[in-house]
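The block underneath contains the structure these notes are about, expressed in structure tokens.
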Amino acid sequence: MELSLFSRDVIALAAGVALSHDCFDSSLYLGVCDKIVPGLIIAAATFGHIPAVFVPAGPMPSGLPNDEKSKVRQQFAIGEVGRDELMRAEMASYHSAGTCTFYGTANTNQMLMEFMGLHLPGSSFVNPNTPLREALTVAAVQRAAQITNLGNEYTPAGQVLDERAFVNGIVGLMATGGSTNLVLHLPAMARAAGVIIDIADFHDLSENVPLMARVYPNGLADVNHFHAAGGLGYMIGQLLEAGLLHPDVKTITGSGLDSYVREPKLEGAGIRWEDGARTTLNDRILRPASDPFAASGGLKQLQGNLGRGVIKISAVAPERHLIEARARVFQDQDSVKTAFRNGEFTEDTIVVVRFQGPRANGMPELHSLTPTLAVLQDRGLKVALVTDGRMSGASGKVPAAIHVSPEAAMGGPLARMRDGDMVRLDAAHGTLECLEADFDSRTPAIHDPSDSHEGMGRELFAAFRANAGPATDGAGVVV
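According to numbering that gives the first Met the number 0, the sequence shown is numbered sequentially starting from 0.
Below you can see the structure in the form of structure tokens.
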């Protein structure tokens, strides 16, 4: 995971090498999983004179329900089941081609491309290996050929990727309760297009966009259920009617965002688009903008003497929006799991995992902490995570203050924390504070890079670590 975030910039660079040959009338981007879409958007924006059509793969059909998968992972964390049972659950969950069915980063990317007008309408969540998926792929290729500068519908990527498109993307992120990883990726993508996005922009838009969907981990449904309930077409229509989206953007369809309320149907070997759902078919999964699950999108900016970060609270119980507890400070997630196995967590605790930022070790996701912290919370403890790293893009029911910047490796405030410090995380008021009187005068701890700078290819990314921007700007290297 220490090279995972940097793979976004590698993808952008590799696409840039290909596009630099300057022999393309149009381009097709096979954007699927977590870092691929953001990396390809950086490339598409950099080569903004070339039309860009993004081609999704679609999600795999539903397998083992996500809540059952999560239960097995928690049982494995406390030793109730063995690795064989864990593997059976994983194989039943991830059982075929396509994106994972939970609403993590991969499927948030697919949503984003539709809200930003780079997918064909209604194409994001059609399963692989189906006639409709095949026909949509063919139609995407045809559309890429139709919008070159050789004809009358020239639609360069740079005209699609304007500031209104990025605002629409953030609105979609909030309305669907999407991945926190996009709080990193969207600023990096936008900078390649000449647009500056700050985490305050996410907070401000979240405060004004209703949460309209409950898809795991924010509910029991998966993306296939969401799509069947009306999906993105229904949601875009609702948000347009509520005046929460820019309708007058340029999209690859040749018209504005209103073309994205339609859904594709097979017609012979081709596709026709017809009006999509105007009412939700399951209000436990998808609700109208006038009667949402929550009045806001659930993403909050946090700031205080520990720095700036974000927290996603759409799946966090309201009584856990404020956590005040003593801190346990760790340098990596494995140390947290060791302390858990040793029975060291017996009271309310704020778990601090520092030196996890882009300059320290590439900013890995700390997703393996999710089962551990969930078990502690289920035991009745109040727990939270504070880190300069990332949590899973499917951050769930445990409060997690993530992307805290400046990062500890750059002398950020987390480097001054000690075991036993009283910490207050208040999502309602957007604050993250160490309450110790001498905090500001302490000497910061020094990062030990011996475990994260060499071995398994880490050496190749020294230049990336040295030049990565702060998390608040997207932790980018190439822009």
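By construction, the Cβ of each residue, glycine as well, lies at the ideal position given by its N, Cα and C atoms.
Neighbour-count burial assignment, residue i, 16 or more Cβ in a 10 Å radius
i, result
"Ser19", "exposed"
"Lys299", "buried"
"Leu305", "buried"
"Ser180", "Per the sequence shown, residue 180 should be read as Asn rather than Ser. Burial call: buried."
"Asp333", "exposed"
"Cys433", "buried"
"Leu117", "buried"
"Thr98", "buried"
"Val492", "Given a span of 0 to 478 for the chain in the structure shown, any question on residue 492 remains unanswerable."
"Met173", "buried"
"Arg271", "exposed"
"Asp420", "buried"
"Ile10", "buried"
"Gly232", "buried"
"Arg72", "buried"
"Gly275", "buried"
"Asn207", "exposed"
"Glu406", "buried"
"Ile195", "exposed"
"Met455", "exposed"
"His446", "buried"
"Pro412", "buried"
"Pro216", "buried"
"Val521", "Here the chain has residues from 0 to 478 only, and residue 521 is not among them."
"Leu375", "buried"
Limits of the alpha helix (DSSP H) - the one that residue i falls within
i, result
"Gly157", "156-159"
"Asp425", "Per DSSP, Asp425 belongs to no alpha helix (DSSP H); it is in the beta strand (DSSP E), 421-425."
"Val80", "Element bounds for Val80: n/a, residue is neither H nor E."
"Gly356", "Gly356 -> no alpha helix (DSSP H), and no H or E assigned at all."
"Phe292", "From DSSP, Phe292 is part of no alpha helix (DSSP H); its letter is neither H nor E."
"Ile10", "3-18"
"Ile40", "35-45"
"Pro143", "Reading the sequence as shown, one finds Ala at residue 143 and not Pro. Run containing Ala143: 130-145, per the alpha helix (DSSP H) assignment."
"Tyr28", "Segment 26-28 is the beta strand (DSSP E) holding Tyr28; no alpha helix (DSSP H) there."
"Glu240", "230-240"
"Leu431", "No alpha helix (DSSP H) contains Leu431, which is instead part of the beta strand (DSSP E) from 430-433."
"Leu375", "368-377"
"Ala56", "Counting along the chain, Ala56 falls outside any alpha helix (DSSP H), and DSSP gives it neither H nor E."
"Asn223", "222-227"
"Thr107", "104-114"
Whole-number beta carbon distance between residue j and residue i, since they are thought to touch under 8 Å
i, j, result
"Val397", "Leu12", "Not really, about 35 Å apart at Cβ, beyond 8 Å."
"Phe124", "Val36", "Their Cβ separation, rounded to whole angstroms, is 14 Å, which puts Phe124 and Val36 out of contact at 8 Å."
"Arg378", "Val351", "Incorrect: roughly 20 Å between the Cβ atoms, too far for contact."
"Leu119", "Ala138", "6 Å"
"Gly171", "Glu262", "The pair is not a contact, with the Cβ atoms about 17 Å apart (cut-off 8 Å)."
"Glu152", "Gly253", "6 Å"
"Gly473", "Leu183", "5 Å"
"Pro370", "Ala470", "In fact, because the Cβ distance is near 24 Å, the residues do not count as touching under 8 Å."
"Phe53", "Tyr93", "That belief does not hold up - the Cβ atoms of Phe53 and Tyr93 are roughly 23 Å apart, past 8 Å."
"Asp418", "Leu380", "The Cβ separation is near 17 Å, so there is no contact."
"Leu431", "Gly303", "4 Å"
Unbroken beta strand (DSSP E) run spanning residue i, endpoints
i, result
"Ser404", "399-404"
"Pro263", "261-266"
"Ile270", "269-274"
"Phe53", "51-53"
"Val382", "382-386"
Check: residue i C-beta below 6 Å from any heavy atom of the ligand GDP
i, result
"Glu79", "As for the ligand GDP, it is missing from this structure, which has no ligand bound."
CB contact below 7 Å: residue i versus chain B
i, result
"Asp221", "Here there is only one protein chain, and chain B is not present."
Meets three-Cβ-pair contact criterion under 8 Å: the stretch 61-80 and the stretch 35-43: no
Mind listing, in chain order, the continuous alpha helix (DSSP H) runs of no fewer than 4 residues lying wholly within the stretch 440-466? 461-466
Which runs of the beta strand (DSSP E) at least 3 residues long sit entirely within the stretch 296-334? Give them in chain order. 298-303, 306-311, 321-329
Would you call the stretch 453-468 and the stretch 337-346 touching, i.e. three or more CB-CB distances under 8 Å? no
Going along the chain, which unbroken runs of the alpha helix (DSSP H) with 4 or more residues stay wholly within the stretch 169-215? 181-191, 198-207
Would you say the stretch 209-223 touches the stretch 57-65, given that touching needs at least three Cβ pairs under 8 Å? At 8 Å Cβ cutoff, the stretches touch.
Would you check if there are 3 or more beta carbon pairs closer than 8 Å linking the stretch 400-410 to the stretch 284-292? no
Validate contact between the stretch 149-168 and the stretch 188-201 using beta carbons, cut 8 Å, 3 pairs: They touch, by the three-pair rule.
Closer than 8 Å is the cut-off here; do at least three beta carbon pairs connect the stretch 247-261 with the stretch 316-324? no
Would you check if there are 3 or more beta carbon pairs closer than 8 Å linking the stretch 82-90 to the stretch 100-116? no
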